[in-house]
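Quick note on our numbering: the sequence shown kicks off at 12 and runs consecutively.
Beta carbons are placed, not taken as given, at the ideal position from N, Cα and C, and that holds for glycine.
For clarity, every value in this text was computed on a predicted model and none was experimentally measured.
Down below is the structure, laid out as structure tokens.
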Amino acid sequence: MKSSLIKILLMVLPSVLWAQSKVIFPKTKHNFIVIAHRGFHIDAPENTIEALKKAIELGVDYVEVDVRSTLEGVPVVMHDANLERTTDGTGKVSTISTVDFQNLKIKDTAINPPTFSSFLMEASGKINLYLDIKDASPEKIISMLDKYQMRERVIIYCSASQVIEWKKLAPSIPVMTSPFPNLKSPTDFESFLLSFPASALDGNIRTYKPDVLNKLTEINVPVWLDVLGKDDNEQGWKMAIDLNINALQTDNPKALIDYLTKNNLRK
Numbered sequence: 012m013k014s015s016l017i018k019i020l021l022m023v024l025p026s027v028l029w030a031q032s033k034v035i036f037p038k039t040k041h042n043f044i045v046i047a048h049r050g051f052h053i054d055a056p057e058n059t060i061e062a063l064k065k066a067i068e069l070g071v072d073y074v075e076v077d078v079r080s081t082l083e084g085v086p087v088v089m090h091d092a093n094l095e096r097t098t099d100g101t102g103k104v105s106t107i108s109t110v111d112f113q114n115l116k117i118k119d120t121a122i123n124p125p126t127f128s129s130f131l132m133e134a135s136g137k138i139n140l141y142l143d144i145k146d147a148s149p150e151k152i153i154s155m156l157d158k159y160q161m162r163e164r165v166i167i168y169c170s171a172s173q174v175i176e177w178k179k180l181a182p183s184i185p186v187m188t189s190p191f192p193n194l195k196s197p198t199d200f201e202s203f204l205l206s207f208p209a210s211a212l213d214g215n216i217r218t219y220k221p222d223v224l225n226k227l228t229e230i231n232v233p234v235w236l237d238v239l240g241k242d243d244n245e246q247g248w249k250m251a252i253d254l255n256i257n258a259l260q261t262d263n264p265k266a267l268i269d270y271l272t273k274n275n276l277r278k
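The structure is reproduced here in structure tokens:
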């Protein structure tokens, strides 16, 4: 059984590599990519235009932003499905009208949560975006990216089940997903990518072993790690760098940039 699977992989992997060659990753100023998780939300509320502006000023390579949809299907920027944690509203994002969403206030501020359109308008020509698609129509997202000339400045993160749909609709846009937690060997990851042909994979420090990372490099699938929570410190960053990872998503982008600069890795 295992030998048969390996034979199949050898036959189809060239087509996977060809598909990867069509993808256009956004250009960055630095070889080591720093991704600000929900913007620079140490100095401003998460997923707001203010956090976006702070991240741009800081000089990160990407801002990660979460996208959901209102009652009318209008894409808006919000991490949680519910409004209570971050705003003065109640209920679900999906059941509030767009007008009412725009009139909400971020907790303890006078800041309104942004629509995706307003977020793109501010980001256009200034920063790359890492779009975490929580609940939004791919067709609407792509149309808005084109409107604001951002198609070549984004990477899409979605569930594995959505990868093929995104690849069909926008084959040049890189699509990232999370590997299933039961994957262990290089062959496991190759099989996963045949079913869900993502352009890149995410995960944390414990997701990948060196032999898996070597195989993913061989088939041109980069790994962008999340160093969040207990891993978001110099020890966690060093562990990722020692795995030859060169893209990290962090809640502490300024500290990570300072660390990379100090170690001559921010070039």
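According to the DSSP secondary-structure assignment, Ala258 is paired through a beta bridge with Ile44. Minimum Cα-Cα distance from Pro190 among the listed residues Phe43, His48 and Thr198 corresponds to Thr198. In the DSSP assignment, Leu156 falls within the unbroken alpha helix (DSSP H) covering Pro149 to Lys158. By the Cβ-count criterion, Arg96 is exposed, with fewer than 16 other Cβ atoms from all chains shown falling within 10 Å of its own Cβ. Of the candidates Asp111, Asp91, Arg164 and Thr120, the residue whose Cα lies closest to the Cα of Ile35 is Arg164.
Of Leu276, Val74, Thr98 and Lys179, the smallest CA-CA separation from Pro37 is found for Val74.
According to the DSSP assignment, Ile144 belongs to the beta strand (DSSP E) that extends over Asn139 to Ile144. Under a 10 Å Cβ-count criterion, Thr228 is classified as exposed, with fewer than 16 other Cβ atoms of the shown protein chains found around its own Cβ. Of the residues Gln113, Pro86, Thr101 and Pro124, the one whose Cα lies closest to the Cα of Leu63 is Pro124. Under the three-state reduction of DSSP output, Asn114 falls in the coil class, being neither helix nor strand.
Under DSSP, Val88 forms a beta bridge with Val78. Pairing Leu239 with Asn215, the inter-Cα distance amounts to about 8 Å. Pairwise C-beta distances place the segment 67-81 in contact with the segment 40-52, as three or more of them are shorter than 8 Å. Residue ranges of uninterrupted alpha helix (DSSP H) with 4 or more members, entirely inside the segment 172-227 and ordered along the chain, are 174-180 and 197-206. DSSP places Ile252 outside any beta strand (DSSP E); the residue lies instead in the alpha helix (DSSP H), whose first and last residues are Glu245 to Asp253.
Within a 10 Å sphere around the beta-carbon of Ala121 sit fewer than 16 other beta-carbons, which makes this residue exposed. According to DSSP, residue pairing for Thr98 in a beta bridge involves Ile117.
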